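Visitor: Just dropping this structure here.
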Ligand SMILES: [Zn+2]
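Numbering (my numbering), first residue to last: 922 to 1066.
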């Protein structure tokens, strides 16, 4: 949709700034005081993505953790609209957990299998701008161990 299908280093900040508004979604940068321990928050009812300013600045600088946080929130935004999310009681399989889904979305957005299947762990980290931990999860999905 945005011509990013073969881009290895997903431009999450530019995506939030330029592409989200085209989808009718807004974002707001809030101070650390306003957000306290929360890095990012998605309000799917109001169509607003709240981002803590230090996370936003970190993502601009290419900090892998902050980039992942924004991709995770984008996942909530796109996957968990009020009409698509349902609340479960009791134990549910991991993949039905919205947090698991947002993490899986972020991993696949940053290191899509079709672009990274031939790469080793370090290449994924560097070329996709991911932390070792996040890159490892993607790598293990397709290579085992
Ligand atoms: Zn989350």
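Quick reminder that beta carbons are idealized off the backbone N, C-alpha and C, glycines included. For clarity, every value in this text was computed on a predicted model and none was experimentally measured.
Expressed to the nearest angstrom, what Euclidean distance is found between the alpha-carbon atoms of residue 959 and residue 994?
Guide: For residue 959 and residue 994, the distance between alpha carbons rounds to 11 Å.
Visitor: Compare the Cα-Cα distances from residue 1017 to each of 1040, 1000, 935 and report the closest residue.
Guide: The shortest Cα separation from residue 1017 among 1040, 1000, 935 belongs to 1000.
Visitor: Give the DSSP-derived three-state secondary structure of residue 953 in the structure shown.
Guide: Helix, per DSSP.
Visitor: In this structure, how does DSSP classify residue 962 when only helix, strand and coil are distinguished?
Guide: Note: residue 962 maps to strand in three-state DSSP.
Visitor: First and last residue of the alpha helix (DSSP H) that includes residue 995?
Guide: Segment 985-1000, the alpha helix (DSSP H) holding residue 995.
Visitor: Can residue 1064 be considered in contact with ligand 1, in the sense that its beta carbon sits closer than 8 Å to one or more heavy atoms?
Guide: It does not: the Cβ of residue 1064 is nowhere closer than 8 Å to a heavy atom of ligand 1.
Visitor: Say yes only if the C-beta of residue 993 is nearer than 8 Å to one or more non-hydrogen atoms of ligand 1, and no if none qualify.
Guide: Because some heavy atom of ligand 1 lies under 8 Å away, the Cβ of residue 993 counts as near it: yes.
Visitor: Enumerate in chain order the residues of its own chain whose CB-to-CB distance from residue 949 is below 8 Å, with the five nearest sequence positions on each side excluded.
Guide: Same-chain partners within the cutoff: 969, 970, 971, 972.
Visitor: What does a CB cutoff of less than 6 Å around residue 991 pick up in its chain, not counting 5 residues either side in sequence?
Guide: The answer, listed in chain order, is 933, 980.
Visitor: Just mark residue 1013 as buried or exposed, buried being the case when its beta carbon has 16 or more other beta carbons within 10 Å.
Guide: Under this definition residue 1013 is an exposed residue.
Visitor: Flag this pair as yes or no: are the beta carbons of residue 1030 and residue 931 separated by less than 9 Å?
Guide: Yes; because the gap between Cβ atoms is below 9 Å, this pair is in contact.
Visitor: Is any non-hydrogen atom of ligand 1 found closer than 8 Å to the C-beta of residue 1068, if you look at the structure I gave you?
Guide: No answer is possible for residue 1068: it lies beyond the span of the chain, which begins at 922 and ends at 1066.
Visitor: At a threshold of 8 Å, does residue 1029 count as lining ligand 1 (C-beta to nearest heavy atom)?
Guide: No - ligand 1 has no heavy atom lying nearer than 8 Å to the Cβ of residue 1029.
Visitor: Distance check for residue 974 and residue 951, CA to CA, integer angstroms please.
Guide: One C-alpha to the other measures close to 6 Å.
Visitor: Taking DSSP as the reference, what is the three-state secondary structure of residue 972?
Guide: Residue state, collapsed to three classes: strand.
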